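So in the UniProt record's numbering, spot 37 of the sequence shown is number 37, and the numbers just go up one at a time. Idealized CB from N, CA, C, for every residue including glycine. Here the structure is a predicted model, which means the values were calculated and not measured. This report refers to the structure that appears directly beneath it.
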Amino acid sequence: MAQKIKKGDTVQVISGRDKGKRGEVIQVMPKEQKLIVRGVNIVKRHQRPTGQLRQGGIIEKEAPMYWSKVMLVCPSCDKPTRVGFKFLEDGTKVRYCKKCGEIIDKK
């Protein structure tokens with residue numbers, strides 16, 4: 001199955017406490033159907049200091065969220081959209097925006 005959202009894509013949250021926020025996808029975990037988005041779903045963790053490398057205290061970090069809670073933002077029309085797949089003349093499979101029809105994967 002082809003992935004509709006990839007690392008580096010801009011997504012918008014469509015449900016939950018961060019509804020409406022946009023951010024860049026940092027990491028995608030396909031087996032868990034989760035992803036991590038920069039600046040979204042921030043949680044506080046109590047961190048114990050580990051030697052000389054890490055400082056202890058309460059740190060804030062992005063937590064994984066289900067990818068059904070986000071929609072891809074089209075780079076050309078700048079709106080959250082569903083993603084479709086089609087093949088070009090040379091046989092390469094690309095993602096495209098269902099709203100404006102523009103190709104998302106520009107390689």
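Buried or exposed: D90, going by 16 or more other Cβ atoms within 10 Å of its Cβ? That one is exposed.
Count the other CB atoms, across all protein chains shown, that sit within 10 Å of the CB of C97; report buried if there are 16 or more and exposed otherwise. So C97 ends up on the buried side.
Three-state secondary structure assigned by DSSP to M1: In this prediction, M1 scores a pLDDT of 49, lower than 50, which makes its location untrustworthy; no coordinate-derived value is stated.
Take the Cβ of V37 as the centre, count every other Cβ of all protein chains shown within 10 Å, and call the residue buried at 16 or more, exposed below. Under this definition V37 is a buried residue.
Would you report the Cα separation of E24 and G8, rounded to the nearest angstrom? Near 6 Å, if we compare the C-alpha coordinates of G8 and E24.
According to the Cβ coordinates, are K69 and V13 closer than 8 Å? Yes; because the gap between Cβ atoms is below 8 Å, this pair is in contact.
Hey, would you say the C-beta of I5 is under 7 Å away from at least one heavy atom of the ligand HEM? Of the ligands one can find in the structure shown there are none, so the ligand HEM has no counterpart to examine.
Counting contacts by CB-CB distance shorter than 8 Å, is H46 in contact with chain B? Within the model displayed, chain B is absent; a lone protein chain is all it includes.
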